[in-house]
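In this note's numbering, the protein residues as written are 3 to 391.
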């Protein structure tokens with residue numbers, strides 16, 4: 003007798019947050035999708051080019067990657083496919099997809115789940131607040147990336163019982179040897195013996211320009227041969243751009259920091275891991291910005307996965323990403339305290355690479371995918387782990 007394959011619930015994932023777009027949200031949703039395909043029959047509405055990053059057995063409908071293009075084309079895909087096909091679960095990759103999720107849910111009679119990242123709850127836009135937040139509140143379940151994001155959601159009327167907090171994950175790199183690091187330093191002409199690392203988009207909330215004015219000079223005065231490497235560039239897409247590059251360059255000029263800071267722009271994933279692994283410390287000097295928030299802080303976990311500690315201001319969801327063994331959290335705006343903590347670690351290292359990696363291991367992507375499977379299984383009313391490919 004022929005063996006029948008176990009039924010996999012059909013799921014439609016609607017998201018603009020997938021490669022080839024670049025960022026922490028894109029890495030998160032890609033890894034969520036890679037996990038879901040094992041126990042769900044996955045269809046994706048995503049940005050143009052995402053099909054190259056998803057498994058071959060995934061049904062993919064693409065839309066332009068621009069915000070307006072994605073929303074209009076995504077609407078057409080929902081109307082076409084949700085009238086014809088029946089999905090049991092509609093998943094939104096962020097609050098941006100919430101109206102499309104709500105429509106697809108109604109057309110299919112499905113359950114709905116939305117990933118929340120923080121910014122999608124606080125963005126300073128009246129049309130967004132009017133259209134998107136009600137759709138977020140009406141979802142059957144929400145996955146928040148941090149305790150802070152959960153609190154933001156409940157503050158905007160989401161029932162606490164409909165929120166599950168699952169911190170984003172990380173890869174755990176191995177085999178980064180001194181030869182690779184030396185090649186990285188040569189490739190990017192890094193002039194410093196040791197360096198602090200700033201990694202990420204140059205948005206205002208990341209606080210680089212403020213740190214250059216109020217924190218870095220104190221570090222430079224107390225240490226020799228230390229500089230700062232900046233990996234990243236101004237944001238070019240997203241719900242809010244809020245670029246900080248102009249203010250950063252003004253700070254460099256005003257304080258004559260050019261000999262002490264090296265900009266390399268955006269780099270590929272391999273070089274990003276090498277930047278983390280070869281840095282003395284990762285600096286995450288967040289600032290409060292109305293209508294913007296750091297939902298979690300994946301870079302802090304990625305730094306730890308490379309054996310590098312993070313020194314950060316305690317804002318947004320970063321408290322979920324940094325532990326006593328992987329770095330220091332300072333009160334927001336305490337630049338003297340932040341600089342002194344960095345100086346102390348440069349002079350007498352406080353955090354071992356093994357402790358940092360141990361912290362990061364708790365966030366490995368398989369752990370994230372397992373927690374997500376539990377939440378989805380509970381939502382669909384089926385036991386976790388059934389079925390599996």
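Backbone N, C-alpha and C define an ideal beta-carbon position, used for all residues, glycine too.
Boundaries of the alpha helix (DSSP H) harbouring residue 122: 121-124, taken from the DSSP string. The count of Cβ pairs closer than 8 Å, one atom from the segment 117-124 and one from the segment 294-303, reaches three, so the stretches are in contact. Residue pairing from DSSP places residue 92 in a beta bridge opposite 14, 114. Its chain contains 314, 315, 316, 320, 321, 324 as the residues whose beta carbon lies nearer than 8 Å to that of residue 331, once the 5 sequence neighbours on both sides are disregarded; these appear in chain order.
Comparing C-alpha distances from residue 130 to each of 113, 46, 146, 96 shows the shortest one belongs to 96. Residues 276 of the same chain have their beta carbon placed closer than 7 Å to that of residue 182, with the five preceding and five following residues left out of the count.
Looking at the backbone, the Cα of residue 19 and that of residue 89 are separated by about 21 Å. For residue 65, the pairing in a beta bridge is given by DSSP as 49.
With fewer than three CB-CB distances shorter than 8 Å, the segment 72-83 does not count as touching the segment 365-382. Non-local C-beta neighbours of residue 191 in its own chain, meaning closer than 8 Å and more than five positions away in sequence, comprise 264, ordered along the chain. Within the same chain, Cβ atoms closer than 8 Å to the Cβ of residue 346 are found at 352, the five residues on either side in sequence being excluded. Its chain contains 171, 367, 370, 371 as the residues whose beta carbon lies nearer than 8 Å to that of residue 33, once the 5 sequence neighbours on both sides are disregarded; these appear in chain order. The C-alpha of residue 248 is placed about 18 Å away from the C-alpha of residue 261. With a beta-carbon spacing of about 7 Å, residue 134 and residue 98 fall inside the 8 Å limit used to define contacts.
Taking 4 residues as the shortest admissible run, the segment 295-332 contains the following complete alpha helix (DSSP H) segments, listed from N- to C-terminal end: 300-307. Nearest C-alpha to residue 348 among 338, 306, 226: 226. The alpha-carbon separation between residue 250 and residue 219 amounts to approximately 14 Å.
Between the segment 304-311 and the segment 33-48, the count of Cβ pairs shorter than 8 Å is below three; the stretches do not touch.
Residue 9 counts as exposed, since fewer than 16 other C-beta atoms from the protein chains shown sit within 10 angstroms of its C-beta.
Judged by DSSP secondary structure, residue 233 falls within the beta strand (DSSP E) whose first and last residues are 228-233. For the 7 Å CB-CB criterion, residue 312 and residue 329 form a contact. Where residue 263 is concerned, the enclosing beta strand (DSSP E) starts and stops at 263-267. In terms of Cβ geometry, residue 100 and residue 116 form a close pair [threshold 7 Å]. Residue 30: not part of any beta strand (DSSP E); member of the alpha helix (DSSP H) spanning 26-38, first to last residue. Distances from the CA of residue 21 to each of 252, 222, 66 were compared; the closest alpha carbon is that of 66. In terms of Cβ geometry, residue 158 and residue 291 do not form a close pair [threshold 7 Å]. Our two residues, residue 93 and residue 45, have alpha carbons roughly 10 Å apart in a direct line.
Closest in C-alpha terms to residue 168, from the list 178, 184, 143, 279, comes 143. At least 7 Å separates the beta-carbon of residue 102 from that of residue 13. In this chain, the beta strand (DSSP E) harbouring residue 201 covers 196-201. Under DSSP, the beta-bridge partners assigned to residue 44 are 13.
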